[in-house]
Amino acid sequence: MDGHVAPASARPTARGRLFFANPGPTNIPDSVLLATARASVDFNDPLFMTVYDGCVAGLKKVLKTEQTLFMYTASGHGAWEAALVNTLSPGDLVLIPETGHFSDSWTKMCGTLGFQTQAVPCDWRRGVEMSAIRDALAADTAHKIKAVCCVHNETAAGMRLPIDQVRKIMDELGHPALLMADTISSLGCYDFRMDEWGVDVCVGGSQKGLMLPTGFSFTGVSDKALTAHRTSTHPRHYFDWTEMLARKQKSFVGTVPVTLFYGLQEALRLMLVEEGLENVFLRHARLARAVRACVQHWSGNNGPQLFCQNPERYSDSVTAILMPEGHDAEVMRKIALEKFNVSTGGGLAKLSGKIFRIGHLGDLNEPMILGTLASIEMALGLAGVPHAKGGVQAAMDSLLKA
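So for the sequence shown, our numbering puts the first residue at 79; every next one is plus one.
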């Protein structure tokens, strides 16, 4: 003993692995971590360019596109900004279907960058109605709306938006706006078809379904969006596609995050070769159903319930859980982390303290999900939150049926 006394607020050292059930960043596979443990190399070296080109080709397979891909040393928000400033001009009108916190964030960014915004409001627990999107576009007979910006998977609310249906509405109305999609928490978790769905700009990031550290993001860009880029007058430099097209990598204004590409090479191998992309989707769907079965069981005895009330919009990436009235989600989350070494996601913005979130995306399997759910059920009991016991058995039953 060295006489050192830990402060009262310090958590005891936990043994074993942290059960990380956040909706992003996500668990990083050991083989991906090892792949990133590389000495620095010249990002113009032909040997690295082979890795780089392979990663671009692999990402296009995940996006299901044959169109242009631009990459950035930035989080997903950087890719959002790149999508906007490269295709639009100051004062342009953007339509944003409301999905939750992240559609609100995209709206705020548009305003800061000098674009006008028009929201399509919704009940965050039900999801935006397709008829409301149709009405907004049909009313725009002068085609002032230049882009429709959609969040494919709303991480804050545990809800998906059917991008293909948005495109169908735009085509039926003959509306010429660009269709943009944020795939940050859906890509590599469930199906996204950029070309088939007519998405003009899709936004993605490294730290969720791709199972990588945070650090780079990207946009898939259609020929239509590149045409819009040529007439865009918005100031830009670091995210300028014209600058990028002049570089060897056709991306990045500045240094390329080389080590992340060795990690991406391994992550794509795991997804596309070892497991197979369709099997990745099936695994996410299976685990998501199990989590929802558990929460639906907990909802007995006036317990926590699924925040999303529309089964057609359930997310396969993350489940948001609404606490019973009078109970603080942060209290339960603190107990789960400090007592059981399980980290869950908290509520964002106006949902802070009202919900907690279980991420079931990326490098995850059945025992990890069951261990997480068992720990949360114990934490609910310790926090005095009413619930029906036996949710973990409900999850097990769901998995046995899969």
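Even for Gly, the Cβ is constructed at its ideal location relative to N, Cα and C.
For residue i and residue j, what's the separation of their Cα atoms in angstroms?
i	j	result
G332	L458	48 Å
L478	Q471	10 Å
R203	I433	12 Å
V369	L448	9 Å
G283	G102	10 Å
K286	R245	25 Å
R347	G169	43 Å
M410	C133	40 Å
A99	S453	11 Å
R391	N379	25 Å
P85	V226	Any answer about P85 is weak, because its pLDDT of 48 lies below 50 and its placement is not dependable; what the coordinates show is given next. If you take the alpha carbons of P85 and V226, they lie about 51 Å apart.
A210	K224	18 Å
G81	L442	Annotation note: pLDDT 45 at G81 (below 50); position unreliable, coordinate value reported separately. Their backbone Cα atoms lie some 41 Å apart in a straight line.
V198	E232	15 Å
I413	H405	13 Å
A306	N388	36 Å
H465	L365	21 Å
T177	N122	41 Å
L171	S395	31 Å
M349	G440	10 Å
Y150	G381	43 Å
Q383	R325	51 Å
R238	Y268	10 Å
C228	C280	9 Å
S263	M208	21 Å
M446	L215	44 Å
E356	S153	26 Å
K428	K186	15 Å
M289	V129	18 Å
Looking at C-alpha atoms only, which residue of the options is the closest neighbour of residue i?
i	options	result
R163	W184, L360, N105 and E144	According to the sequence shown, residue 163 is Val rather than Arg. Taking only the C-alpha atoms, the option nearest V163 is W184.
A135	F126, P124 and L147	L147
A398	A480, G431 and D441	G431
S118	Y340, M258 and A324	Y340
V358	L265, H221 and Y316	L265
A217	G189, G205, H253 and I241	H253
A220	V373, L251 and L191	L251
Q194	R212, L360, I174 and M208	I174
A371	A235, T91 and D475	D475
W376	M456, L355, A363 and W319	M456
E408	G381, A461 and M446	A461
W158	T143, Q145 and L191	L191
S181	L111, M258 and M289	M258
T165	N419, L256 and T292	L256
D120	H179, V277, P335 and L112	P335
C200	H155, L288 and C386	C386
T261	R361, M248, Q196 and P240	P240
T91	L415, K467 and E444	L415
In terms of residue numbering, what span does the alpha helix (DSSP H) encompassing residue i cover?
i	result
M456	E444 to L460
L162	G154 to T165
S421	That residue, S421, is in no alpha helix (DSSP H); its beta strand (DSSP E) goes V420 to G424.
P124	P124 to L141
T337	V336 to L346
K302	D301 to T309
L112	D108 to T114
V369	L355 to W376
V172	Segment L171 to P175 is the beta strand (DSSP E) holding V172; no alpha helix (DSSP H) there.
D249	I241 to L251
If you follow the beta strand (DSSP E) that residue i is in, where does it begin and where does it stop?
i	result
D260	L256 to D260
P402	Looking at the DSSP string, P402 is not in any beta strand (DSSP E), and its letter there is neither H nor E.
I433	I433 to G437
M149	T146 to Y150
A99	F97 to A99
G282	V279 to G283
Within 10 angstroms of its Cβ, does residue i collect 16 or more other Cβ (buried), or is it exposed?
i	result
K139	exposed
S295	buried
V83	Annotation note: pLDDT 44 at V83 (below 50); position unreliable, no value reported.
G437	buried
T450	buried
R271	exposed
N105	buried
M79	Because M79 carries a pLDDT of 39, less than 50, the predicted location of this residue cannot be relied on, and no value is offered for it.
L125	exposed
D242	exposed
T297	buried
H315	exposed
P313	exposed
L323	exposed
R95	exposed
T309	exposed
T114	buried
F97	buried
Taking 7 Å as the cut-off, is the CB of residue i close to at least one heavy atom of the ligand ATP?
i	result
N100	With respect to the ligand ATP, the structure shown offers nothing to examine, as it has no ligands at all.
Contained beta strand (DSSP E) runs [length at least 3] in the region 178-232, N- to C-terminal order: Segments of the beta strand (DSSP E) lying fully in the region 178-232: 194-198 and 223-229.
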